[in-house]
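J.:
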Amino acid sequence: MKDYIAERVTDIAHYVLENKCTVRDASYAYCVSKSTAHKDLSERLPELDKQLYEQVAEILRDNWDERYIRGGEATKRKYKHN
Numbered sequence: 038m039k040d041y042i043a044e045r046v047t048d049i050a051h052y053v054l055e056n057k058c059t060v061r062d063a064s065y066a067y068c069v070s071k072s073t074a075h076k077d078l079s080e081r082l083p084e085l086d087k088q089l090y091e092q093v094a095e096i097l098r099d100n101w102d103e104r105y106i107r108g109g110e111a112t113k114r115k116y117k118h119n
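Here the sequence shown is numbered in our numbering, starting from 38 and rising by one per residue.
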């Protein structure tokens, strides 16, 4: 793995831990696609730092479990403004 990719992976992982944010938010902050950010966190991070991966994976699981709630809130806001 190239050095700049490894650095990006750890930077995104630390960003997710510090901000408890979604993959989409992290990808926006680092100007990469959501697919790239997800691949960095789910495939590349375990190769670099297993302990950091486990911490990030817990946040990602929480986000996965809450996604339907966020979607419902977004729909509610959408129709409330109309």
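Where a beta carbon is used, it is the ideal one built from N, C-alpha and C, also for glycine.
These numbers were taken from a predicted model, which means no experiment stands behind them.
Given Leu89, which residues of its chain have a CB within under 6 angstroms of its CB, disregarding the five upstream and five downstream residues?
T.: Hits under 6 angstroms: Ala50.
J.: Should Ser64 be labelled buried (16 or more other beta-carbon atoms within 10 Å of its own) or exposed?
T.: Buried, by the Cβ-count rule.
J.: Could you please give the first and the last residue of the uninterrupted alpha helix (DSSP H) stretch that includes Thr73?
T.: 71 to 76 is the span of the alpha helix (DSSP H), which, as asked, contains Thr73.
J.: What does the alpha-carbon distance come out to for the pair Lys113 and Glu84?
T.: In a straight line, the C-alpha of Lys113 is about 40 angstroms away from that of Glu84.
J.: Would you mind reading off the limits of the alpha helix (DSSP H) that contains Tyr65?
T.: 60 to 66 is the extent of the alpha helix (DSSP H) around Tyr65.
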